[in-house]
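K.L.:
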Amino acid sequence: MSEVGRLVLLGAPLGNPADASARFREVLATADVVAAEDTRRLTRLARDLDVTVPGRIVSYFEGNEERRTPELAEVLTAGYTVALVTDGGMPSVSDPGYRLVRAALEAGVPVTAAPGPSAVTTALALSGLPCDRFCFEGFLPRTPGARRSRLRALAGEERTLVLFEATHRIGGALADLAEAFGPERPAALCRELTKTYEEVVRRPLGELAEWAADNEVRGEITLVVAGASPEPAARPDDDTLRAAVDEREAAGLSRRDAITEVATAYGLRRREVYTVVHR
1 MSEVGRLVLL GAPLGNPADA SARFREVLAT ADVVAAEDTR RLTRLARDLD
51 VTVPGRIVSY FEGNEERRTP ELAEVLTAGY TVALVTDGGM PSVSDPGYRL
101 VRAALEAGVP VTAAPGPSAV TTALALSGLP CDRFCFEGFL PRTPGARRSR
151 LRALAGEERT LVLFEATHRI GGALADLAEA FGPERPAALC RELTKTYEEV
201 VRRPLGELAE WAADNEVRGE ITLVVAGASP EPAARPDDDT LRAAVDEREA
251 AGLSRRDAIT EVATAYGLRR REVYTVVHR
């Protein structure tokens, strides 16, 4: 025990124990307390990794997170190391953990992480969809009305979208996605990532909704949906183009440079602006 405790967030394997990092194993074997979303799953994982957990194992899940956070905060301020692990991926990301991170920071306790696999980035990379810009929405609202409202608000998002969804809601969610985003929007349904029955189904949303309706979709599901195509800017009328060129000429540009600048500003070919000005 030290004067100041430490909270360590452990990135747990999504399914394949071999994905556990060396630091993950080390922290499990040295932490004073291990707070686990599912203590039975943690015990099984430690056994698969051939790691002995000498620290006290306590449950920390959605049902007791609010009550247990102050207890763990006291352990941290007393100078002990607490490791937080969820069933897969990084704590706090659509999993328990945010409350404890905030409590530790407010108590002046250092918070660090042993990074590990992420369902978000793994599914994104496997989807075959653009990965340079994306947004993560987590789980959609559970009720159909609230879900449709959220999807209507997201329909114009141009970044690739990553979602989590439960197996019993996936059919309805895909149908609502196809309606809100259009049935031709490319998407990928990724399930059981890194596990024995890993599957990635890449189809337009309409076809994906039909596929889900015809099949029993099981396991952990991550959805990746292509972003909306940007709307092309409306071409300004001829009078607007002439006025823009005149304005730049009045500011001291040559006509040639003024035409070039206006064409660039409006995304037009220089010849098109030249023809309008000299018509």
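In the working numbering, the protein residues as written are 1 to 279.
All C-beta atoms in this analysis are idealised placements derived from N, C-alpha and C, irrespective of residue type, glycine included.
Cβ of Ala258 within 7 angstroms of Cβ of Glu272?
P.N.:
Contact: no.
K.L.:
Which ranges would you report for the beta strand (DSSP E) in the region 182 to 256 if only whole runs of at least 3 residues count?
P.N.:
Taking only runs of at least 3 residues, the beta strand (DSSP E) segments lying wholly in the region 182 to 256 are 186 to 191, 199 to 204, 221 to 225.
K.L.:
Indicate the three-state DSSP secondary structure (helix, strand or coil) for Thr167 in the structure shown.
P.N.:
Of the three classes helix, strand and coil, the one that applies to Thr167 here is helix, per DSSP.
K.L.:
Whole angstroms are fine: how far does the CA of Gly227 sit from the CA of Phe136?
P.N.:
Approximately 12 angstroms, taken between the alpha carbons.
K.L.:
Would you say Val34 and Val8 are within 7 angstroms of each other, going by their C-beta atoms?
P.N.:
Their beta carbons are not under 7 angstroms apart, which means Val34 does not touch Val8 by this criterion.
K.L.:
Buried or exposed: where does Cys131 fall if 16 or more other Cβ atoms within 10 Å of its Cβ makes it buried?
P.N.:
Exposed, since its Cβ has fewer than 16 Cβ neighbours within 10 Å.
K.L.:
Bridge partners for Phe136 per DSSP, in chain order?
P.N.:
Paired residues: Val162.
K.L.:
Helix or strand or just coil, what does DSSP make of Arg56?
P.N.:
The answer is strand: DSSP assigns Arg56 an E or B state.
K.L.:
What's the gap between the Cα of Gly206 and the Cα of Arg185?
P.N.:
Taking the straight line from one Cα to the other gives about 8 angstroms.
K.L.:
Going by C-alpha to C-alpha distance, which of Thr194, Arg242, Thr196, Asp176 sits closest to Ala212?
P.N.:
Nearest option by C-alpha distance: Asp176.
K.L.:
What does the alpha-carbon distance come out to for the pair Phe289 and Arg218?
P.N.:
Coverage of the chain is limited to positions 1 through 279, which leaves residue 289 absent and any answer about it impossible.
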